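One structure is given below, encoded as structure tokens.
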Amino acid sequence: MTHIRRTNTMDIYLEQQRKTVVVRQKWKYNWLNEEGTANWNYEQRRDWHHSADNIIWQNWSNKFSFLAVVLEETATNKHLHRQAFNVEFDIEWVLDNGHWTANVTKVKPETSYRSNVDRSNQTINVISRDLEYTSLKKGTVHNTLNHEYAHTLGGGDEYGIRYGNSYDPIYVDDIQALLNIGNELRERYTRDVIDELNTMIHGVNFLAILK
Ligand SMILES: [Zn+2]
Numbered sequence: 005m006t007h008i009r010r011t012n013t014m015d016i017y018l019e020q021q022r023k024t025v026v027v028r029q030k031w032k033y034n035w036l037n038e039e040g041t042a043n044w045n046y047e048q049r050r051d052w053h054h055s056a057d058n059i060i061w062q063n064w065s066n067k068f069s070f071l072a073v074v075l076e077e078t079a080t081n082k083h084l085h086r087q088a089f090n091v092e093f094d095i096e097w098v099l100d101n102g103h104w105t106a107n108v109t110k111v112k113p114e115t116s117y118r119s120n121v122d123r124s125n126q127t128i129n130v131i132s133r134d135l136e137y138t139s140l141k142k143g144t145v146h147n148t149l150n151h152e153y154a155h156t157l158g159g160g161d162e163y164g165i166r167y168g169n170s171y172d173p174i175y176v177d178d179i180q181a182l183l184n185i186g187n188e189l190r191e192r193y194t195r196d197v198i199d200e201l202n203t204m205i206h207g208v209n210f211l212a213i214l215k
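First residue of the sequence shown: 5, per the numbering used here; consecutive thereafter.
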């Protein structure tokens with residue numbers, strides 16, 4: 005049996021047979037250009053989306069276990085107790101009814117841009133080179149698309165004043181974390197997904213464990 009929960013920002017599939025949770029977002033793209041750059045052709049759009057989906061799949065899928073805990077036993081939920089679900093994440097390119105509008109701007113190499121996620125308008129603002137892995141500090145790796153994706157799942161920035169934030173958040177020293185300046189996942193990044201999952205089967209809650 006598969007339970008499906010559709011929210012404004014993602015669809016969650018709880019597949020009991022496959023013991024898998026799938027977190028799927030639908031992205032509707034706007035392909036934009038900085039003045040002086042060539043329009044996106046179809047191949048470039050397709051490649052950009054494939055790379056973005058691949059980055060999310062590689063960095064997020066098969067990294068978490070969601071452990072089911074039956075708090076209130078019923079005839080239909082008791083078999084779930086202590087079952088571990090693998091978790092997959094992907095994005096789907098849609099032409100209508102997206103969860104997110106993704107504005108992807110092709111920019112000149114010298115142009116700097118502060119990519120961001122506007123949750124209140126369900127909009128992702130990124131640039132063409134946000135698929136690249138870079139480093140903001142020796143010993144750290146960073147991918148902006150991956151970082152912005154974490155924002156779409158609900159997390160806030162964790163880097164501090166020295167990297168452009170207006171204050172030092174609680175996880176400011178956890179620099180390897182994705183919502184800081186690193187690329188590592190943390191269990192806290194699935195908090196909103198878990199909150200939704202906990203509404204899906206009566207009497208059953210889930211606990212996120214990073215594998
Ligand atoms: Zn951010």
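All C-beta atoms in this analysis are idealised placements derived from N, C-alpha and C, irrespective of residue type, glycine included.
Please read these numbers as outputs of a predicted model, since none were measured by experiment.
Residue range of the unbroken beta strand (DSSP E) whose run includes residue i
i, result
"THR109", "104-110"
"LEU214", "208-214"
"GLU19", "15-19"
"ARG28", "24-37"
"ASP94", "88-98"
"THR194", "Taken as a continuous stretch (DSSP letters only), THR194 belongs to no beta strand (DSSP E), as it is neither H nor E."
"LEU84", "Here LEU84 belongs to no beta strand (DSSP E), and DSSP marks it neither H nor E."
"ALA72", "68-74"
"THR6", "6-10"
Residue span of the alpha helix (DSSP H) that contains residue i, given as start and end
i, result
"TYR46", "46-64"
"HIS205", "For clarity, residue 205 is Ile in the given sequence; the question names His instead. Careful: ILE205 lies outside any alpha helix (DSSP H) and carries neither H nor E."
Residue i CB to nearest heavy atom of ligand 1 below 6 Å
i, result
"ASP161", "yes"
Cutoff 8 Å; reference residue i; Cβ partners in own chain excluding five residues on either side
i, result
"ASN81", "VAL74, ILE205, HIS206, GLY207, VAL208"
"LEU36", "ASN107, VAL108, THR109, LYS110"
"THR144", "ILE179, GLN180, ILE185, GLY186, ASN187"
Own chain partners of residue i with C-beta closer than 7 Å, once the 5 adjacent residues on each side are dropped
i, result
"TYR175", "GLU162, ALA181, ASN184"
"ASP196", "LEU157, GLY158"
"ASP172", "GLY164, ILE165"
"THR11", "GLU200"
"THR41", "LYS110, VAL111, LYS112"
"GLN87", "LYS23, ALA72"
Beta-carbon contacts of residue i that lie in its chain and below 6 Å, excluding the five residues immediately before and after
i, result
"LEU201", "PHE210"
"ILE131", "THR109, VAL111, TYR117"
Ligand 3 heavy atom lying under 6 Å from the CB of residue i
i, result
"ILE131", "Looking for ligand 3 in the displayed structure turns up nothing; the ligands present are ligand 1."
What runs of the alpha helix (DSSP H), each 4 residues or longer, lie entirely inside the region 105-190?
148-156
Three or more C-beta pairs under 8 Å: does that hold for the region 90-103 against the region 58-76?
yes
Counting pairs of beta carbons, one from the region 138-152 and one from the region 46-60, are three or more of them closer than 8 Å?
yes
Given 8 Å, three or more beta-carbon pairs between the region 12-25 and the region 33-51
no
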